[in-house]
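To keep things clear, I will list the structure first and then write my remarks on it.
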Amino acid sequence: DTAVSQTPKYLVTQMGNDKSIKCEQNLGHDTMYWYKQDSKKFLKIMFSYNNKELIINETVPNRFSPKSPDKAHLNLHINSLELGDSAVYFCASSPGIAGGGEQFFGPGTRLTVL
Amino acid sequence: GENVEQHPSTLSVQEGDSAVIKCTYSDSASNYFPWYKQELGKRPQLIIDIRSNVGEKKDQRIAVTLNKTAKHFSLHITETQPEDSAVYFCAASGGSYIPTFGRGTSLIVHP
Numbered sequence: 699d700t701a702v703s704q705t706p707k708y709l710v711t712q713m714g715n716d717k718s719i720k721c722e723q724n725l726g727h728d729t730m731y732w733y734k735q736d737s738k739k740f741l742k743i744m745f746s747y748n749n750k751e752l753i754i755n756e757t758v759p760n761r762f763s764p765k766s767p768d769k770a771h772l773n774l775h776i777n778s779l780e781l782g783d784s785a786v787y788f789c790a791s792s793p794g795i796a797g798g799g800e801q802f803f804g805p806g807t808r809l810t811v812l
Numbered sequence: 093g094e095n096v097e098q099h100p101s102t103l104s105v106q107e108g109d110s111a112v113i114k115c116t117y118s119d120s121a122s123n124y125f126p127w128y129k130q131e132l133g134k135r136p137q138l139i140i141d142i143r144s145n146v147g148e149k150k151d152q153r154i155a156v157t158l159n160k161t162a163k164h165f166s167l168h169i170t171e172t173q174p175e176d177s178a179v180y181f182c183a184a185s186g187g188s189y190i191p192t193f194g195r196g197t198s199l200i201v202h203p
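One line per chain: the protein sequences are A and B, in this order. Straight run, no breaks: the first sequence in this note's numbering ends on number 812. Straight run, no breaks: the second sequence in this note's numbering ends on number 203.
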């Protein structure tokens, strides 16, 4: 009965590779997000989708491409991985399009680029 | 856009003491102010939140206060325990639909 799940939990890869992270929520929420948390613990929002439509795209390299096949899933594909992409990536969901609701976070994916 | 400042970045207290973490925000249209706790290696989880029509909210040992005029809000933890040790994030949202997080406060409670 996990609310927000992500796979994989850990991802170790070489520079230049392409990788994907998957996220699913079973809360019936309309809005899903991707966050990047760096080594200093700063939580930076990357993307937000509402009902499969992109509503927020913060300043993120275009090597990062989100895809939402339906409102319960938001995947993140990263091309040409760089050392600076190493971080923990959190998926989250919230009930409505407005940011004024609790964010339910997934367990995180720790990405290490060698 | 919204800008959220959080202080201090690190807070060290003795068990049983109180801890206070403060945040300021810039967008007067923000109307929702949650606090999240992130334990080491875990996901952030909501511990308490407040909306702009309320000045204070309490839940057992934790409380949040909001001063809309001054655009600041604070988290108060009383009778701290070692299990309160974690990183705490404030956030503000509602104006631009983008939740903006503070940079986090690492709270260390010494037994």
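Here a beta-carbon is modelled for each residue, glycine too, at the ideal position from N, C-alpha and C.
Next on the checklist: Counting only beta-carbon separations shorter than 8 Å, does K739 (chain A) have a partner in chain B?
Outcome noted: Against the first sequence, residue 739 (chain A) aligns to sequence position 41. Interface residue, yes.
Next on the checklist: Could you compute how far the alpha carbon of G714 (chain A) sits from the alpha carbon of A121 (chain B)?
Outcome noted: Taking the first sequence and counting its residues from 1, one reaches residue 714 (chain A) at position 16. Taking the second sequence and counting its residues from 1, one reaches residue 121 (chain B) at position 29. About 42 Å.
Checklist entry - Quick one, which of B:P126, B:H202 and B:A178 has its alpha-carbon nearest L138 (chain B)'s? => result Reading the second sequence from its first residue, position 46 is the one you call residue 138 (chain B). It is B:P126 whose Cα lies nearest to the Cα of L138 (chain B).
Item to check | Any chain B beta carbon closer than 8 Å to P805 (chain A) | outcome: Here the question's residue 805 (chain A) lines up with position 107 in the first sequence. At least one chain B Cβ lies under 8 Å of P805 (chain A).
Checklist entry - Along chain A, which residues have their Cβ under 8 Å away from the Cβ of D141 (chain B)? => result Against the second sequence, residue 141 (chain B) aligns to sequence position 49. Neighbours of D141 (chain B) on chain A, chain order: E800.
Checklist entry - Interface residues of chain A around F181 (chain B) at Cβ under 9 Å? => result What you label residue 181 (chain B) is simply residue 89 of the second sequence in a count that begins at 1. Ordered by position in chain A, the residues that pass the 9 Å Cβ test against F181 (chain B) are K739 and L741.
Checklist entry - Which runs of the beta strand (DSSP E), 3 residues or longer, sit entirely within the region 743-791 of chain A? => result Runs of the beta strand (DSSP E) inside the region 743-791 of chain A: 751-755, 762-768 and 771-776.
Checklist entry - List, in order along the chain, the chain A residues whose C-beta lies closer than 8 Å to that of F165 (chain B)? => result Residue numbering aside, residue 165 (chain B) sits at position 73 when the second sequence is read from its first letter. Under the 8 Å cutoff, chain A gives no residues; its nearest Cβ is about 14 Å from F165 (chain B).
Checklist entry - Do you know offhand how far S763 (chain A)'s Cα is from D151 (chain B)'s? => result Position 65 of the first sequence holds residue 763 (chain A). Position 59 of the second sequence holds residue 151 (chain B). If I take the Cα positions, the gap works out to 40 Å.
Checklist entry - What first and last residue would you give for the beta strand (DSSP E) that runs through H164 (chain B)? => result Taking the second sequence and counting its residues from 1, one reaches residue 164 (chain B) at position 72. Residues H164 to I169.
Item to check | Contact under 8 Å by Cβ, T197 (chain B) with K163 (chain B) | outcome: The residue you call residue 197 (chain B) lines up with position 105 of the second sequence. The residue you call residue 163 (chain B) lines up with position 71 of the second sequence. Contact annotation: T197 (chain B) and K163 (chain B) have beta-carbon atoms that are not nearer than 8 Å.
Next on the checklist: As an exercise, report each continuous beta strand (DSSP E) stretch of at least 3 residues that is fully enclosed by the region 101-180 of chain B, in chain order.
Outcome noted: Within the region 101-180 of chain B, the complete beta strand (DSSP E) runs of at least 3 residues are 102-106, 111-117, 124-130, 137-143, 148-151, 154-159 and 164-169.
Item to check | Interface residues of the region 191-202 of chain B facing chain A [CB-CB below 7 Å] | outcome: Within the region 191-202 of chain B, the qualifying residues are P191, F193, R195 and G196.
Next on the checklist: Could you compute how far the alpha carbon of D141 (chain B) sits from the alpha carbon of G799 (chain A)?
Outcome noted: Your numbering for residue 141 (chain B) matches position 49 in the second sequence. Your numbering for residue 799 (chain A) matches position 101 in the first sequence. Taking the CA atoms as reference points, D141 (chain B) sits about 9 Å from G799 (chain A).
Item to check | G804 (chain A) classed as buried or exposed, judged by whether at least 16 other C-beta atoms fall within 10 angstroms | outcome: Here residue 804 (chain A) corresponds to residue number 106 of the first sequence, with the count starting at 1. So G804 (chain A) ends up on the buried side.
Checklist entry - With 8 Å set as the bound, which would you pick, yes or no: does the beta-carbon of L132 (chain B) sit closer than that to a beta-carbon of chain A? => result As a position in the second sequence, residue 132 (chain B) is number 40, starting the count at 1. L132 (chain B) does not count as touching chain A.
Next on the checklist: Beta-carbon within less than 6 Å of T810 (chain A)'s beta-carbon, same chain only, minus the 5 sequence neighbours each way: which residues are those?
Outcome noted: Along the first sequence, read from residue 1 onward, the residue named residue 810 (chain A) stands at position 112. Excluding the 5 residues flanking it on each side, T810 (chain A) has same chain C-beta neighbours closer than 6 Å at V710 and S784, in chain order.
Next on the checklist: Can you pull the chain A neighbours of R135 (chain B), defined as C-beta to C-beta under 7 Å?
Outcome noted: One-based indexing of the second sequence puts residue 135 (chain B) at position 43. Within chain A, the residues near R135 (chain B) are F788, F803, G804, P805 and G806.
Checklist entry - Smallest Cα separation from V79 (chain B): which of A:S737, A:S791, A:K765 and A:K769? => result Given that chain B is displayed from residue 93 to residue 203, the structure contains no residue 79 (chain B) and the question cannot be resolved.
Checklist entry - Going along the chain, which residues of its own chain have a beta-carbon closer than 7 Å to the beta-carbon of D176 (chain B), five neighbours each way excluded? => result The sequence position of residue 176 (chain B) within the second sequence is 84, counting from 1. If we look at D176 (chain B) and ignore the five residues flanking it on each side, its Cβ neighbours are I169, L199 and V201.
Checklist entry - DSSP on L812 (chain A), reduced to helix/strand/coil? => result By one-based count along the first sequence, residue 812 (chain A) stands at place 114. In the structure shown, the three-state DSSP call for L812 (chain A) is coil.
Next on the checklist: Classify H727 (chain A): buried if its beta carbon has 16 or more other beta carbons within 10 angstroms, exposed otherwise.
Outcome noted: As a working note, residue 727 (chain A) is residue 29 in the first sequence. Buried.
Checklist entry - Can you give the Cα-Cα distance for G147 (chain B) and G186 (chain B), rounded to whole angstroms? => result Mapped onto the second sequence, residue 147 (chain B) falls at position 55. Mapped onto the second sequence, residue 186 (chain B) falls at position 94. Going from the Cα of G147 (chain B) to the Cα of G186 (chain B) covers about 17 Å.
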